[in-house]
Amino acid sequence: MWRHIASNALTLFIVLLLAAGGAVIWAQKEYTGPGPLAEAICLRVESGSNMRRVSQDLAEKGAISSQTIFRAGADYSGKAGDLKAGSFLVNPNASMEEIVDAITRSGRSTCGTEINYRIGIRNAEMQVRELDPTTNRYVEKLAFDPAAVEALPEGYTEVLAQPDLRYRVTLAEGVTSHQVIEGLKAADFLTGDVSLPEEGTLAPDSYEVMRGAERAALVARMAEAQAALLEELWQNRAADLPLETPQEALILASIVEKETGVPEERRQVASVFVNRLRKGMALQTDPTIIYGITRGEYVLERGITNSDMRGETEKRLHGKVEYNTYVVTGLPPGPIANPGRAAIEAALDPDATPYLYFVADGSGGHAFAETLSEHNENVARWRKIEAERANQ
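Here my numbering is used: the first residue of the sequence shown is 41, the next is one more, and so on.
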């Protein structure tokens with residue numbers, strides 16, 4: 041009898057052990073497998089929260105199948121005590137393991153409200169935007185030029201009070217170093233002094249920063265990014281270019297950047313300048329005249345005059361003519377702006393064309409020509425378009 045009871049007890053123990061093992065395997069699959077979330081969400085973890093509150097919030101949003109498994113997995117992985125406050129993007133079908141990793145790894149918010157401080161050619165703009173998790177696109181909520189407003193827009197103070205607010209600084213392609221530095225000085229969420237870097241050495245890009253970050257450190261990041269990009273693209277440059285150094289490539293890229301805003305034209309525009317350099321022709325590009333006058337410190341709010349083209353204005357303002365490519369043959373002594381990746385790529389790998397001239401065509405792009413007579417016809421068409429627009 042006792043043997044029978046012992047046998048039954050052993051059998052029951054084995055069954056329970058197998059059931060427990062099966063439950064563990066099932067729970068592990070639930071924890072690491074795809075979750076039930078149909079559309080992305082932005083999960084906000086408040087300061088002082090815990091895994092119990094987070095798991096409840098996730099369950100209510102339909103992101104996890106079991107609060108108990110979620111918390112047990114966080115405990116077992118040793119991450120339960122690493123919960124970070126912030127707003128975190130949870131993608132469709134994210135596993136519980138992936139969610140735990142996202143909310144414990146770095147503490148850097150990946151969704152929610154962001155201030156994007158965009159430094160452009162004419163002004164700097166403070167953009168308040170939120171990431172729409174379902175489309176993974178930013179939705180602009182507020183935008184203003186901090187230098188042009190007397191009072192902060194309504195609602196902006198409340199935005200600044202958000203504990204998980206993120207900051208970003210974006211440089212537009214073609215901004216000058218002076219414009220960048222003046223823009224950074226006006227950014228009240230940055231700190232510290234900063235000196236003016238050489239023209240062309242800052243990479244137009246978007247940089248995530250923390251409130252209170254040092255301006256000098258941010259400029260150093262921009263310079264490192266541009267140096268690394270130039271080195272990378274210089275190594276992959278086309279053969280037989282009339283460019284001796286990466287610095288010359290940067291100068292040409294800055295001219296291409298300022299000459300066209302049409303992406304499809306960059307390599308054609310670059311080809312014109314490369315062809316002219318090969319023939320020893322003057323580049324004759326208006327943006328260099330403008331830079332010679334302004335040195336990138338302001339926007340020239342007028343057309344170019346004959347005295348400008350002869351270099352008289354540049355000489356009067358700065359003592360000598362350096363940047364006027366109607367007067368000086370070859371490349372100017374330095375870049376005239378900070379070019380982006382696409383412009384540098386175009387300068388180092390231009391299209392193979394016979395073109396030596398181009399002029400605006402009235403559509404936002406340019407008409408290219410191989411001969412001076414063809415170019416003169418294109419210029420005449422452009423002058424006619426200008427006249428018609430002036431009379432409208």
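Glycine residues also receive a C-beta, built at the ideal position from the N, C-alpha and C atoms.
Span of the alpha helix (DSSP H), counted from its first residue to its last, around residue i
i: Lys355; result: Glu352 to His358
i: Ala268; result: Arg255 to Gln275
i: Arg177; result: No alpha helix (DSSP H) holds Arg177; the beta strand (DSSP E) holding it covers Arg177 to Phe184.
i: Gln167; result: Run containing Gln167: none in the alpha helix (DSSP H); it sits in the beta strand (DSSP E), Ala164 to Asp172.
i: Ser235; result: Unbroken run through Ser235: none, as it is neither H nor E.
i: Glu428; result: Leu412 to Ala430
i: Ser311; result: Arg306 to Lys319
i: Ser117; result: Here Ser117 belongs to no alpha helix (DSSP H), and DSSP marks it neither H nor E.
i: Gln96; result: Met91 to Glu100
Rounded separation between residue i and residue j - CA only
i: Val368; j: Ala263; result: 29 Å
i: Gly126; j: Gly88; result: 11 Å
i: Asn131; j: Ser235; result: 42 Å
i: Gln68; j: Val309; result: 59 Å
i: Thr411; j: Arg307; result: 19 Å
i: Arg423; j: Gly405; result: 15 Å
i: Val339; j: Pro327; result: 11 Å
i: Glu70; j: Ile139; result: 13 Å
i: Lys181; j: Glu165; result: 13 Å
i: Thr393; j: Ser311; result: 6 Å
i: Glu284; j: Trp274; result: 11 Å
i: Tyr366; j: Ala289; result: 20 Å
i: Ile344; j: Pro237; result: 27 Å
i: Ala293; j: Ala243; result: 12 Å
i: Glu222; j: Glu337; result: 9 Å
i: Val85; j: Asn133; result: 20 Å
i: Ala427; j: Glu213; result: 30 Å
i: Ala142; j: Leu77; result: 15 Å
i: Ala420; j: Ser403; result: 15 Å
i: Met41; j: Ile65; result: Any reading at Met41 must be qualified, since the residue scores a pLDDT of 49, below 50, and its modelled position is unreliable; the value itself is stated next. Looking at the two C-alpha atoms, the distance is approximately 36 Å.
i: Val215; j: Cys82; result: 34 Å
i: Asp348; j: Asn364; result: 8 Å
i: Pro186; j: Pro373; result: 34 Å
i: Met136; j: Thr241; result: 44 Å
i: Gly370; j: Arg350; result: 16 Å
i: Ile109; j: Asp97; result: 14 Å
CB contact flag (residue i, residue j, <8 Å)
i: Ile376; j: Ile295; result: yes
i: Gly320; j: Glu362; result: no
i: Glu205; j: Ile159; result: A small correction: the amino acid at residue 205 is Leu; Glu does not occupy that position in the sequence shown. Contact: no.
i: Pro379; j: Glu297; result: yes
i: Ala120; j: Gln107; result: no
i: Arg169; j: Glu190; result: no
i: Thr144; j: Leu123; result: yes
i: Asp401; j: Ala409; result: no
i: Arg93; j: Tyr157; result: no
i: Gly73; j: Ala103; result: no
i: Leu291; j: Gln219; result: Reading off the sequence, residue 291 comes out as Ile, not Leu. Their beta carbons are not under 8 Å apart, which means Ile291 does not touch Gln219 by this criterion.
i: Glu231; j: Glu198; result: According to the sequence provided, residue 231 is Thr. The question's Glu does not apply to it. Contact flag unset, no.
i: Arg318; j: Leu396; result: no
i: Ala382; j: Pro286; result: no
N- and C-terminal bounds of the beta strand (DSSP E) containing residue i
i: Gly126; result: Gly126 to Val130
i: Tyr157; result: Thr153 to Ile159
i: Thr210; result: Arg206 to Leu211
i: Arg84; result: Ile81 to Val85
i: Tyr247; result: Ser246 to Val249
Min CB distance residue i to chain B below 8 Å
i: Leu211; result: The structure shown contains no chain B; it is built from a single protein chain.
heavy atom of the ligand MN below 7 Å from residue i C-beta
i: Gly195; result: Summarising the ligand content, the structure contains no ligands, and the ligand MN is consequently not present.
Original post:
When the Cβ atoms of the region 95-113 are set against those of the region 148-168, are three or more pairs found closer than 8 Å?
Top reply: Flag = no, the region 95-113 and the region 148-168 do not touch.
Original post:
Would you say the region 384-403 touches the region 348-357, given that touching needs at least three Cβ pairs under 8 Å?
Top reply: no
Original post:
Looking at C-beta atoms only, is the number of pairs between the region 266-275 and the region 219-228 that lie closer than 8 Å three or more?
Top reply: The way I'd put it, the region 266-275 doesn't touch the region 219-228; fewer than three beta-carbon pairs between them come closer than 8 Å.
**OP:** For the region 347-407, list the beta strand (DSSP E) runs that are entirely contained and at least 3 residues long, ordered along the chain.
**Re:** 397-400
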